[in-house]
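Peer 1: These protein sequence lines are chains A and B, in that order.
Mapping the first sequence onto UniProt numbering, position 428 (from 1) lands on 428, and the numbers just tick up by one.
Mapping the second sequence onto UniProt numbering, position 207 (from 1) lands on 207, and the numbers just tick up by one.
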Amino acid sequence: MSMQTFKEWFFTTDHKRIGIMYLIGSMTAFVVAGMMALLIRLEQSQLGPTITDNPNEYNQWLYFHGAAMVLAFLIPGLTGFFANYFLPLMIGAQDVAFPRINAFSIWLFYGAIILALLSFVIPDPPDIMWTGYPPYSITTMGNTAYYVFTLHLLGFSSVLGAVNFLVTVIYMRAPGIGWNQLNIFTWTTVAAFVLQLVFIPVLASAVTMLLFDKYLGTNFFNPEAGGDVLLYQNLFWFYSHPAVYVIFLPAVGILFEIFTTMCKNRVFNYKACVYGGIWGIVGISGFVWVHHLYVSGMPDWLRIGQMVTTLLISVPVGLMVMSMWGTLYKAAITFNTGMLYAISCLFLVLSGGLTGIPLALTAITVHLSETSFVHAHFHFIMAMFSAFAMFGGIYYWFPKMFGRYADGKWATTGFILNIVGVHVTFVPLFIIGAQGMPRRYWDYQMFPQFEPYHQVATLGAFMVAAGMSVTILNWIICAFKGKVAPENPWKSCSLEWTHAPNCPQAGNFPNPPTVTADWSPYGYADREANLKATTDPGFPGAAKPAE
Amino acid sequence: MRTFLGKAAALSGIFAVGPAFAQDEGYERDPAAGWDHLWHEIIVDITVIGVIFSLAAIYMVWKYRAKNENEVGRGPKLTPAAALAWALIPASIFMADDFFLSAKGWTLWNDYRRIPDDAKEIRVTAYQWYWEFDYGDEIVSEELVVPKGQPIVLRMTSEDVLHSLYIPEFRVKEDVMPGRVTYVWFNPKETGEYVHTCTEFCGTAHAEMYTTVRVLEQDEYDEWFNQIKEEANANSLPNNTQS
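As structure tokens, this is what we get:
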């Protein structure tokens, strides 16, 4: 890479390049945190010490795996990469509202990635799990400050991103695009950024209090001086449960884009999905955090009240599920690798979502809390449903980003290894979790009967490792050498395909689009009329379905 | 449209009485059995929902494959009334199930929190990384020993960081923390030895912070208790004479 190219990327304010840099950064975090997962699985594959006899080392892997996967892979991958690259294209904007702030966000993000990776070389790396509960996080020898500063950087980056994208969607939609003509992905991203904007400050204040308690001698969480250890858990989960929706919602949005295009169908009951589903989740998300604290010693009335609110999440999620299933109804389905991932997500959201129902019941969670049942449940939603939606999205928009296909036999091989591997890993963990296997255990001498299950899970983890290696190598090779794709290869109606050429240049659109009230990003039923409802794309071969 | 909305409203009304079907099962003396019962009901509930939606997805993905390249989907454009009904009716069904489960869960939760009058109290203190059980009268052990058929309430606190007391066999768990006292109660029905372990991350030896719960017949328990009492007295004698 010449100095010139480096400068062009490093100092870029183009939302698409910033998006690609988010992709590279978050996939780096994914790869490193994935290696930690392999170490964790290897350690658990046998009773007694397997690859380390130092539990602290194991705890550091757990910390890095959890913190990096949630905060540096899933959230920046979805709200950084996908939102940056595709949201302005979808709403017909030429860039985001504040391109320089966008550039500042990515610098902060890379700062956080570097800080997180540095934790491998400092003498006492953090060992406090991604939750960082005091008093342990205050009394440990591990470097809690690394955790706090990494979170500060990521949080600051996210808040700036949230303001930027909300302003972009409100003020920079192409002339004529009404609220009910937005892509579902745009809606889910807006909802995710509203959650980030409202809840991140709470997390930031919680970890700052942790920092003050450990290094400056304050007593927010010290009961001996009038503090309270439960305060931190409340503040932490007041952000971190909505954070699940910051991940879940854009993932659902990506799936809707893939389904509508590959089904050539309109979204079933669009308004119920947007106003009932997406905004229903935003409305409830701040009232359910106590389900992470069912056995933490909270007052009984709060544990019962939030059991009901937690169960009610099934209503907005159910509305989105109805819309997703309805989009398949009377569809004209064609298949590509993106669609394979999307279809697998239909089943992952069922297994992940439905196993949340027993966990929503306070009395049932008395047994299941902090077992590998919980661990398997949230991996089904976050590591599988959300990550698979991302991988599907990368395949689906690959021709847009690189002008080439990434589909092919290697893509399918990777997919099959991944989908089989994750089930081989997590189904055994469901089973032993229901029988009492605790999470976050370096060893399990008291439960020798679970050893075979752990071995199967470890085998599955290595299948996923093989699948992801194939997948990522396939992306890298296809970005440079893949089969060249025509404009709009999946024949979508959405603006990022019809009006922006593949590999869009700065400014995105040769002719910035204008639409009428009859236009819809999902107007497949009468494609000719839908095209007439927009201005001329200004470049050949774009909007028309290939004959 | 009016009749349609009327039907939708009537249907929602029917579903809203879901909780009325959730009966009190009466597990006041044995929440663990109540847990197993409710767990099986929920597994059936979520399996049924999961199978219905899975079959629908498989059927539609198979049935609606595109026949030719230019085919487009013919998904329905809903009228406002139909759209509202397609939101309200599924929402009512989901809510009915939610309230039904909530009612069941609440009943069981009350059993979990209502300590029987005849419960025997044992005080638990957690340390990094062991447990201490205080039976009163300065009788202390590092394993939990209880008589069969006697409801036990554990009043718990921690001397250092967070811990969590978990006895899988009795289906009980509650965090133990410095500065607060929490409790769990259970009714040991069968004699035997059960795992008792820590489930809140507490540092290096978190995974080794386990011990045994021994459930003994009443006479065996009395024997054990007298023995540990004598040991305690014997140990404290020299101190007493010195002071």
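All C-beta atoms in this analysis are idealised placements derived from N, C-alpha and C, irrespective of residue type, glycine included.
1. Please classify B/Glu143: is it buried, with 16 or more other beta-carbons within 10 angstroms of its beta-carbon, or exposed?
2. Roughly how many angstroms separate the alpha carbons of B/Glu223 and B/Val184, rounded to a whole number?
3. Where does A/Glu547 fall in DSSP's three states?
4. Report buried or exposed for A/Met3, applying the criterion of at least 16 other Cβ atoms within 10 angstroms of its Cβ.
5. For B/Leu108, collect the residues of the same chain with a Cβ closer than 6 Å to its Cβ; drop the 5 residues on either side in sequence, then sort them by chain order.
6. Quick one: list the residues of chain B neighbouring residue 618 of chain A, beta-carbon separation under 7 Å, in chain order.
7. Is A/Val229 closer than 8 Å to B/Met177 when the C-beta atoms are compared?
8. With H, G and I counted as helix, E and B as strand and the rest as coil, what does DSSP make of B/Asn240?
9. At a CB-CB cut-off below 9 Å, which residues of chain B make contact with A/Pro55?
10. Taking the straight line between their C-alpha atoms, what separation do you get for A/Phe199 and A/Leu249?
11. Any beta carbon from chain B within less than 8 Å of A/Trp442's own beta carbon?
12. Just checking, does the stretch 163-181 of chain A make contact with the stretch 513-521 of chain A on the three C-beta pairs under 8 Å criterion?
13. If we count the other Cβ atoms within 10 Å of its Cβ and call it buried at 16 or more, is A/Val366 buried or exposed?
14. Please go through the stretch 109-187 of chain A and give each complete alpha helix (DSSP H) segment of 4 or more residues, from N-terminal end onward.
15. Which residues in chain B sit within 9 Å of A/Ala525, going by Cβ to Cβ distance?
16. Under 8 Å between C-beta atoms, does A/Gln435 make it to chain B?
17. Just to confirm before moving on: does the CB-CB distance between A/Pro521 and A/Pro510 stay below 8 Å?
18. Which of the residues in the stretch 211-229 of chain B, read from start to end, lie with their CB under 7 Å from any CB of chain A?
19. Taking A/Ala438 and B/Thr199 to be in contact with their CB atoms under 8 Å, please state how far apart those CB atoms are, rounded to whole angstroms.
20. Identify the residues that DSSP records as bridge partners of B/Asp219: which are they?
21. Residues of chain B with CB under 9 Å from A/Asn265, in chain order?
22. Are A/Leu429 and A/Ser492 touching if we call contact CB-CB under 8 Å?
23. Report the start-end ranges of each alpha helix (DSSP H) in the stretch 185-210 of chain A that is 4 residues or longer and not cut off at the edges.
24. In the DSSP output, what is B/Ala126 paired with across the bridge?
25. Buried or exposed: where does residue 611 of chain A fall if 16 or more other Cβ atoms within 10 Å of its Cβ makes it buried?
26. Assign B/Ala169 to one of three DSSP states: helix, strand, or coil.
27. Can you tell me the Cα-Cα spacing of B/Leu216 and B/Trp131, whole angstroms?
28. Please determine if the stretch 141-155 of chain A and the stretch 201-216 of chain A are in contact, where contact requires at least 3 C-beta pairs separated by less than 8 Å.
29. Name the residue from A/Ile24, A/Gly161 and A/Ile258 whose alpha carbon lies nearest to the alpha carbon of A/Pro489.
30. Just to make sure I have the definition right: I need the residues of chain D whose C-beta is within less than 7 Å of the C-beta of A/Leu350. Which are they?
31. With a threshold of 16 other CB atoms inside 10 Å of the CB of B/Met95, please say whether the residue is buried or exposed.
32. Can you give me the C-alpha to C-alpha distance between A/Ser369 and A/Arg303, rounded to a whole angstrom?
33. What span of residues does the alpha helix (DSSP H) with A/Pro452 cover, start to end?
34. DSSP state of residue 251 of chain B, grouped into three classes?
35. Quick one: list the residues of chain B neighbouring A/Thr327, beta-carbon separation under 9 Å, in chain order.
36. Since A/Ser323 and A/Gly277 are thought to touch, with beta carbons under 8 Å apart, how far apart are those beta carbons, to the nearest angstrom?
Peer 2: So, from the data block:
1. Translated into positions along the second sequence, residue 143 of chain B becomes position 143. The residue is exposed, with fewer than 16 neighbouring Cβ atoms inside 10 Å.
2. Within the second sequence, residue 223 of chain B is the residue found at index 223, counting from 1. Within the second sequence, residue 184 of chain B is the residue found at index 184, counting from 1. If you take the alpha carbons of B/Glu223 and B/Val184, they lie about 26 Å apart.
3. Position 547 of the first sequence, counted from the start, is the residue given in the question as residue 547 of chain A. For A/Glu547, the predicted model reports a pLDDT of 45, less than 50, meaning its position is unreliable; a value from the coordinates is still stated below. If DSSP states are grouped into helix, strand and coil, A/Glu547 belongs with coil.
4. As a working note, residue 3 of chain A is residue 3 in the first sequence. Exposed.
5. Here residue 108 of chain B refers to the residue found at position 108 of the second sequence. Only Gly34 and Leu38 meet the Cβ criterion.
6. Missing from the structure shown is residue 618 of chain A; chain A here goes from 1 to 547 and no further.
7. Along the second sequence, read from residue 1 onward, the residue named residue 177 of chain B stands at position 177. Along the first sequence, read from residue 1 onward, the residue named residue 229 of chain A stands at position 229. Taking 8 Å as the Cβ cut-off, B/Met177 and A/Val229 qualify as a contacting pair.
8. Stepping through the second sequence from its first residue, residue 240 of chain B is reached at position 240. In this prediction, B/Asn240 scores a pLDDT of 49, lower than 50, which makes its location untrustworthy; no coordinate-derived value is stated.
9. Sequence index remark: in the first sequence, residue 55 of chain A carries index 55 (1-based). Those within 9 Å of A/Pro55 in chain B are Gly203, Thr204, Ala205, His206, Ala207 and Glu208.
10. For the purposes of this step, residue 199 of chain A is taken as the residue at position 199 of the first sequence. For the purposes of this step, residue 249 of chain A is taken as the residue at position 249 of the first sequence. The alpha-carbon atoms of A/Phe199 and A/Leu249 are separated by roughly 15 Å.
11. To locate residue 442 of chain A, count along the first sequence from 1; it is residue 442. Yes, its Cβ sits closer than 8 Å to a Cβ of chain B.
12. yes
13. Here residue 366 of chain A refers to the residue found at position 366 of the first sequence. Buried: at least 16 other Cβ atoms inside 10 Å.
14. 136-139 and 144-171
15. Mapped onto the first sequence, residue 525 of chain A falls at position 525. Residues of chain B passing the Cβ test: Val72, Gly73, Arg74, Gly75 and Lys77.
16. The residue given as residue 435 of chain A occupies position 435 in the first sequence. It does; some Cβ of chain B falls within 8 Å.
17. Looking up residue 521 of chain A in the first sequence gives position 521. Looking up residue 510 of chain A in the first sequence gives position 510. No, Cβ-Cβ distance for A/Pro521 and A/Pro510 is not below 8 Å.
18. none
19. The sequence position of residue 438 of chain A within the first sequence is 438, counting from 1. The sequence position of residue 199 of chain B within the second sequence is 199, counting from 1. Reading the sequence as shown, one finds Pro at residue 438 of chain A and not Ala. With a Cβ gap of about 5 Å, A/Pro438 and B/Thr199 count as contacting.
20. What you label residue 219 of chain B is simply residue 219 of the second sequence in a count that begins at 1. DSSP, once it has assigned bridges, lists no residue as partnering B/Asp219.
21. Here residue 265 of chain A corresponds to residue number 265 of the first sequence, with the count starting at 1. By Cβ distance, chain B contributes Tyr64, Val72, Gly73, Arg74 and Gly75.
22. In the first sequence, the residue the question calls residue 429 of chain A occupies position 429. In the first sequence, the residue the question calls residue 492 of chain A occupies position 492. Cβ atoms of A/Leu429 and A/Ser492: not closer than 8 Å.
23. none
24. On the second sequence, position 126 is the one that residue 126 of chain B refers to. DSSP output for B/Ala126 lists B/Trp131 and B/Ser158 as bridge partner(s).
25. Here chain A has residues from 1 to 547 only, and residue 611 of chain A is not among them.
26. Stepping through the second sequence from its first residue, residue 169 of chain B is reached at position 169. Note that residue 169 of chain B is Glu in the sequence shown here, rather than Ala. If DSSP states are grouped into helix, strand and coil, B/Glu169 belongs with the helices.
27. Within the second sequence, the letter at position 216 stands for residue 216 of chain B. Within the second sequence, the letter at position 131 stands for residue 131 of chain B. Distance between the alpha carbons of B/Leu216 and B/Trp131 is about 20 Å.
28. yes
29. Locating residue 489 of chain A in the first sequence gives position 489, where the first residue counts as 1. Selected option, being the one with the closest Cα: A/Ile258.
30. In summary, chain D is missing from the structure at hand, where the protein chains are A and B.
31. What you label residue 95 of chain B is simply residue 95 of the second sequence in a count that begins at 1. Label assigned to B/Met95: buried.
32. As a working note, residue 369 of chain A is residue 369 in the first sequence. As a working note, residue 303 of chain A is residue 303 in the first sequence. Cα-Cα distance, rounded: 13 Å.
33. Locating residue 452 of chain A in the first sequence gives position 452, counting from the first residue. Its alpha helix (DSSP H) spans residues Glu451 to Lys481.
34. With chain B covering 1 to 243 only, the question about residue 251 of chain B has no answer from this structure.
35. Mapped onto the first sequence, residue 327 of chain A falls at position 327. Near A/Thr327 (Cβ distances below 9 Å), the residues of chain B are Gly73 and Gly75.
36. Here residue 323 of chain A is taken as the residue at index 323 of the first sequence, counted from 1. Here residue 277 of chain A is taken as the residue at index 277 of the first sequence, counted from 1. Rounded, the Cβ-Cβ distance is 7 Å, consistent with contact.
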